[in-house]
Amino acid sequence: AEPVKVGFLVKQAEEPWFQDEWRFAEQAAKDKGFTLVKIGIPNGEKMMAAIDNLAAQKAVGFVICAPDVKLGVAVNRAAKRHNLKVMSVDDQLVDGAGKPIADIPHMGISGYEIGKQVGQGLLAEMKARGWKLDEVGVLRVAFDQLPTAKNRTMGAVDALKAAGVPAANVVDAPQAKTDTESAFNAANIAFTKNAKFKRWVAFGLNDEAALGAVRAAEGRGIKQDAMLAIGIGGSQTALNEFTKPTPTAFYGTVLISPKRHGYETAVAVYEWATAGKAPAPVTLTAGTLMTRQNQAELRKQMGL
Amino acid sequence: MASLQFDNISKVFPGVKALNGVSFEARAGQVMGLLGENGAGKSTLLKILGGQYKPDGGRLLLEGQERHFTSAGDAIAAGVAIIHQELQYVAELTVAENVLLGRLPTRFGLVDHKAARRLVAEQLAAIGVDLDPAARLSELSIAQRQMVEICKAVMQDAKVIAFDEPTSSLSHRETEILFRLVKRLRSEGRTLIYISHRLEELYELCDACTIFRDGRKIVTHEVMAEVPRERLIADMVGRELQDIYDYRSRRHGPMRLEARGLHSARLPEPLSFAMRGGEVLGFFGLVGAGRSELMRLLYGADARRGGEVLLDGKTVSAAGPSAAIAAGIVLCPEDRKEQGILAHSSVAENINISCRRHGLAGGIFLRHGREAQRADDFIQKLRIKTPSREQEIRLLSGGNQQKVILARWLAEPGLKVLILDEPTRGIDVGAKNEIYKIIHDVAAEGCCVIVISSELPEVLGISDRLIVMRDGRISGELSREQASETAALALALPDGAPAAPLH
Amino acid sequence: MNTTTLAQRPAMTSPARALLKEHSMTLGYALLFAVLAFSVENFFSGANIVGLLLSVAQIGMVACTMMLCLASRDFDLSVGSTIAFAGVLGAMVLERTGSVGLAIGSGLLAGALIGAGNGVLIAYLRVNALIATLATMLMVRGLAFIASKGQAVGIADEGFISFGDTTFLNLPLPIWMTALCFLVFGVLLNHTVFGRNTLAIGGNPEAARLAGVKVEQLRVWIFLLQGVVTALAGLILSARITSGQPNAATGFELDVISACVLGGVSLQGGKARIFGVVIGVLIMGTVENVMNLLNVDAFYQYLVRGLILLAAVLLDQLKTRGERRG
Amino acid sequence: MNTTTLAQRPAMTSPARALLKEHSMTLGYALLFAVLAFSVENFFSGANIVGLLLSVAQIGMVACTMMLCLASRDFDLSVGSTIAFAGVLGAMVLERTGSVGLAIGSGLLAGALIGAGNGVLIAYLRVNALIATLATMLMVRGLAFIASKGQAVGIADEGFISFGDTTFLNLPLPIWMTALCFLVFGVLLNHTVFGRNTLAIGGNPEAARLAGVKVEQLRVWIFLLQGVVTALAGLILSARITSGQPNAATGFELDVISACVLGGVSLQGGKARIFGVVIGVLIMGTVENVMNLLNVDAFYQYLVRGLILLAAVLLDQLKTRGERRG
Ligand SMILES: Nc1ncnc2c1ncn2[C@@H]1O[C@H](COP(=O)(O)OP(=O)(O)OP(=O)(O)O)[C@@H](O)[C@H]1O
Ligand SMILES: Nc1ncnc2c1ncn2[C@@H]1O[C@H](COP(=O)(O)OP(=O)(O)OP(=O)(O)O)[C@@H](O)[C@H]1O
Ligand SMILES: O[C@@H]1[C@@H](O)[C@@H](O)CO[C@H]1O
Ligand SMILES: [Mg+2]
Ligand SMILES: [Mg+2]
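As you go down the protein sequences, you meet chains S, H, V and W in turn. Residue numbers for the first sequence follow our numbering, beginning at 3 and rising by one. Residue numbers for the second sequence follow our numbering, beginning at 35 and rising by one. Residue numbers for the third sequence follow our numbering, beginning at 366 and rising by one. Residue numbers for the fourth sequence follow our numbering, beginning at 366 and rising by one.
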């Protein structure tokens, strides 16, 4: 018989995170004996084409991390039209009004919650270092064009504010693109404008954003003892910082598990389509703060 | 021994046998004239000589040695310089840089701009042209650009120099300079080839001449001076031509076109003139006299500062060429390449571009059949040499391109005023004769025809009346009876200059 | 004098050959299609062909007007932003008023205004087309973000959504719309004064002007049309994805321009063939479709796409070899 | 006889006016700068100016060669990918061999090969420059992803890193490098046969060819140079961000081309001024810098950037008004 095909559609195929997710989904396919079809869907148009393409290949269903959560209705309609099982991963799909779509099972994180974890990580380390909260500048490397980026960074801001960081200390550094150089330039200007702060914490939507802030700080003589940055993702960018001989201001990154997301969602859709076993409506996985100290151990735990 | 020898040269383009076994030779210290109707293959031969085209057959010998040029650079290195029919300059570079393009002097690896300017200034002075070597070509008039091209060729210090219709955009003054230059080069023992459609020029300059027709050599006359004019024309055109101007006197209608106080930034004062239906009005003047400027104002091609144009008593909108055309006024521009042709479009397209608006199906759709028919009619009527109406116009010889542009305007059904700016530039005698006939036919229908020309015999030969311009002003008006070369030149030349005929 | 019989034609320009040359790209594509139909599983199935066509519906529509734009020696980088803005605006108007007509009308109007703005900047104010449309690209994208506060605007209206997925003779509406665009703009290009004048101003604007073409006006119209068609594509896209997305269609402009250039439209102006554009668009879509069917790794997709682009133009180049001299 | 005075020049090209016109953009920028220095807090501080300059270091370097490329009537979309690839490759070689020399060498070599490849495709195989460099852009980006498996490649070598942050007379090395590039390419453009011939082939390729300029060879050299300089920019960037990132510098090509066009380089070829390019680059950097200093909302930044671009070219346009006919 023809092998069963399950699709795995991700919004940013070039991002290491999704490469990892795909890798673990492949693993699942091997273990369970189905074929995985991986397609990158950078925008809504490509997403629709990919779903059509899956149907043409006679896939039974697919896992999706959509380029925008509001594409939920479109995903749902397309899946229904082609009679495909669908499950979302990472970002939960919502309808036009912003309500999660009930009949699409989801496994993932909440950008806002991950952001909060970033904030809490920063707070803990500031406390350990004995920094006074009202003397610390908070650098939010912002890319508000991307809803998940906004959710994440606002989560971090809210956590910091809740712990007593004055709202006035929060400095936005809007980056033009999501790469390190843009973050660098944006952070540079923010430091110029706010020379009054001698100590800084920084974060952004991903590790690259945090790294840009760190490099910009170094360029202005703000070193590891006066600066703390926490990224999101646990990518190679972060690991590179951890393996440097001396610690840098890149303090940590909130690691989420591409293994669980990739492996478990692929299996869930496969079993749903073949054995009729519907996945749990919502599974939220937590992030873990990874630092220089616990990185080796943590990565081993996660099977990375 | 012949310094330059063409031996059985052939060249084929898709659909065209441009050269068919052409053989002749030219000696050092000789000016060899090339004549032939438009599309006869003259320019093609020069392009082969210049390394631009590879011949499909035959040999090219320089001083007895067979040469195979694979690029223009090879030809230059072998001592061949060509002044092309289509000017080849870089508008954004300076005079000095254009002249020395490919051979700029350097010092310590850097361009020696000073030396370049000096060298070029010397050469320009030697030729007798007053031009700033540091001026950009884009700032110069066509005539000045042509002089730069000539200077470029001369500075290559070549043994063989070929001129492809160098005078077509020059007027008297530069023409004189050029003639002196050619004579000097001949006396220096160089081999010169000279293409022109102006027979007077050929008689003045050439020692011998070779005549082409349809890609074949018809004959070489070793002594130019001994060949009668009629014989040249007959060899070239393949038939006898009596009076080439073909002037017929007509009864003129009532006043039709009136230009009142046309004014622009480039004209020193407002200009006015008027003409009757059926009249052929000639405009004569030196380069830069303002004739083109005036006609462009009339046509709405340039913004006016003031003035108005009346046609049959009604004001013509100054909104632009389209408005003028709608009123029945058309202009055939002087710069064919830049302002006339749609280079990559077909001959048919170039003919139909404007007049097609009259015969649309349902007021919207083109009638392809009718357009094709019209194109074919004109190709035949004007004897346009092209493999088909679908040929891209840029692949036609210069003179044939000119005929296509003319056809574009003759095709206008509501034609009332036909303005021709240097209409016979680069056109062979036979075709000139045809164009003159057309001019007279158009006038006979009651239209106004304005002809700008820098060829004095031509304007004198075809006009009912002549307006002469100088430095942006109308310096005088001559009836056909009054008009003579002396009278016209007296009005055209700056005060005090000798007003003697040139040839 | 007689009209000359021009030397017998060399073999290579016989009408048959010319026809072959004219349609070499089409033949090439047909061949590619046949090979793929036999070798790639699921490629030649109704569902897949429909999917393929749908995937190029937006590009196809906009390529029609981009063809005119390039043919007139212009350039438009703002189409991606216009798609996004029209989609967002349509969705917002729909949300507020509930009227499909108003939503579509306002989207198209916005497109027309953006296009006309580009046209005026370029034709009358003589701003370089690259910079002018880059500026509108930025501004319109900004407006899309500002209007939507950076969030996708959901669409719930079934009537509007059906716009994107109603089928007619088994083909969804967007495909019919695209086909219609090709038809209309093909006729416009080849059988109307508008189209011919467009080619003329691309070939030589000064000559065209002197021949009576209202160059400035025509250029504004071309951009305006482009704006309207692009907005339409944006509205259809928003219907298909049931939301107006402010960051939709980034990089879209390059895809459209590539499709046109692949189809033989010259960036130097003056040259365009609607048939070529159809093929260019299909090539782009087919490559993507097949790579996904074959499960080509995302990173290698870049490589393959680049190679295919090159192969396509090189093939096309071969046939024009020898026409020009090196 | 006497020398003839050929038509006198119109008054408007007097040397003083010409000079003013030539440098109007520079004056405009100087004015803008002065206004900003007084009105925007923190703008005119050493740290900010250094930051501003750093932010345009890469664009500035590549704009130098892009200027040549555009001047010769070509086009290069592959620079962004080349930056990424050179950075990734350099970092990988450094990781494997530990030799800074080898890392830089291999990065530059890769750049040279990519550039030469573009050049050969365009000059000899006559592939349209847009398509050719779009194809290389895709392929090189693909290679960057494949080589690095999509992951950032870390750089630990202090020697290499110092490349990006050593300062000299208070200015970081990348700024000096950019200044050097402007100097070198300014001289190249204006004072070498190479530069003049580049303008010639852009202004009128046929004329250049007829004058014996080896057009094809020259074009390959231009692209090769572009590749090398771009790779250098990529290596410097990787040193600055202490890693080679495969998705660095997306959209970079458009920024560079815009800077050049802002600086008066013509897309039709034949026109280029190094000074203009410097100003173009500075305008791009300044606008971004000031918007962030003024805390302009991200969404409104799009709008402002578009408006500024337009304003800059419109201003520049005013002065050339009336120069052309019609
Ligand atoms: N590149 C080309 N491709 C196709 N046909 C060409 C090409 N160049 C020239 N021809 C054709 O070859 C023939 C000879 O052209 P050529 O330019 O040599 O004529 P010519 O004698 O110089 O005419 P004119 O006096 O009008 O300049 C013409 O029929 C022309 O259309
Ligand atoms: N593009 C231009 N820029 C500046 N001045 C110009 C331009 N074209 C023409 N002129 C000037 O305008 C005046 C009138 O030129 P015009 O071309 O009308 O003369 P003409 O009598 O037609 O001579 P020609 O034989 O050169 O066509 C001259 O002084 C000329 O130098
Ligand atoms: O785009 C992010 C990705 O980078 C990873 O962090 C998982 O969540 C997705 O939303
Ligand atoms: Mg000729
Ligand atoms: Mg004139």
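We treat Cβ as the ideally placed atom computed from N, Cα and C, and that holds for glycine.
| Item | Value |
| --- | --- |
| Reduced DSSP category for V/Arg461 - H, G, I as helix; E, B as strand; rest coil | helix |
| Short CB-CB distance (under 8 Å) between W/Lys636 and chain H | yes |
| Counted within 10 angstroms of its Cβ, other Cβ atoms place H/Phe142 as buried (16 or more) or exposed | exposed |
| Distance cut-off 7 Å: H/Asn384 Cβ against heavy atoms of ligand 1 | no |
| Boundaries of the alpha helix (DSSP H) in which V/Gly529 is found, first to last residue | 523-530 |
| Chain H contacts from the segment 527-557 of chain W (Cβ-Cβ distance under 9 Å) | Val552, Asn555, His556, Thr557 |
| For S/Glu202, three-class secondary structure by DSSP | One detail in the question is off: residue 202 of chain S reads as Trp in this sequence, not Glu. If DSSP states are grouped into helix, strand and coil, S/Trp202 belongs with the strands. |
| Three-state secondary structure assigned by DSSP to S/Val120 | helix |
| Under 8 Å by beta carbon: chain V residues contacting S/Arg79 | Ile526, Asp530, Thr607 |
| CA-to-CA distance, V/Leu672 to W/Gly482, given in whole angstroms | 13 Å |
| Neighbour list for S/Glu183 in chain W, Cβ cutoff strictly below 9 Å | Ser420, Gln423, Leu602, Arg605, Ile606, Gln610, Ala613, Ala614 |
| Check: H/Lys415 C-beta below 7 Å from any heavy atom of ligand 6 | Ligands displayed in this structure: ligand 1, ligand 2, ligand 3, ligand 4 and ligand 5; ligand 6 is not among them. |
| Interface positions of the segment 662-673 of chain V facing chain W (Cβ-Cβ less than 9 Å), listed along the chain | Asp662, Ala663, Phe664, Tyr665, Gln666, Tyr667, Leu668, Val669, Arg670, Gly671, Leu672, Ile673 |
| Test: S/Phe10 CB closer than 8 Å to a CB of chain W | no |
| Cα-Cα separation, H/Glu97 to H/Ala36 | 6 Å |
| Interface flag, V/Ala624 vs chain H, CB-CB below 8 Å | no |
| Spatial distance of W/Leu548 from W/Gly476 (CA atoms) | 21 Å |
| Cβ neighbour criterion (16 or more within 10 Å) applied to H/Ile398 | exposed |
| Beta-carbon separation (whole angstroms), H/Ile110 vs H/Asp369, contact threshold 8 Å | Actually they are not in contact, since the Cβ atoms of H/Ile110 and H/Asp369 sit about 27 Å apart, beyond 8 Å. |
| Cross-chain neighbours of S/Ser237 in chain W, by beta carbon under 9 Å | Gln516, Ala517 |
| Residue-level contact to chain V via CB, H/Pro447, 8 Å cutoff | no |
| H/Gln99 (DSSP reduced to helix, strand or coil) | strand |
| Cross-chain neighbours of S/Arg222 in chain W, by beta carbon under 7 Å | Ala412 |
| Cβ-based burial, H/Asp462 [other Cβ within 10 Å; buried from 16] | buried |
| Spatial distance of W/Ala572 from W/Ser404 (CA atoms) | 51 Å |
| Partners in chain S for W/Phe559, counting only beta-carbon separations shorter than 7 Å | Within 7 Å Cβ-Cβ: nothing; W/Phe559 doesn't reach chain S, min ~31 Å. |
| C-alpha gap between H/Leu219 and H/Val188, whole angstroms | 9 Å |
| Beta-carbon proximity list for V/Val427, same chain, < 7 Å, skipping 5 on both sides | Val444, Val594, Thr595, Ala598, Val621 |
| Own chain partners of H/Val50 with C-beta closer than 6 Å, once the 5 adjacent residues on each side are dropped | Pro421 |
| Residues that H/Ala196 bridges to, as DSSP identifies them | H/Ile116, H/Ile227 |
| Cut-off 7 Å between Cβ atoms - residues of its own chain near H/Arg179, not counting five sequence neighbours on either side | Leu121, Tyr123, Leu171 |
| Neighbouring residues, chain S, relative to W/Leu401 (Cβ below 7 Å) | Within chain S, no residue comes near W/Leu401; the closest Cβ sits about 13 Å away, beyond 7 Å. |
| Any chain W beta carbon closer than 8 Å to H/Gln119 | no |
| Which listed residue (W/Gly635, W/Ala637, W/Phe664, W/Ser623) has its alpha carbon closest to that of W/Val646 | W/Ser623 |
| Rounded distance between the beta-carbons of S/Leu162 and S/Leu124, thought under 8 Å | 7 Å |
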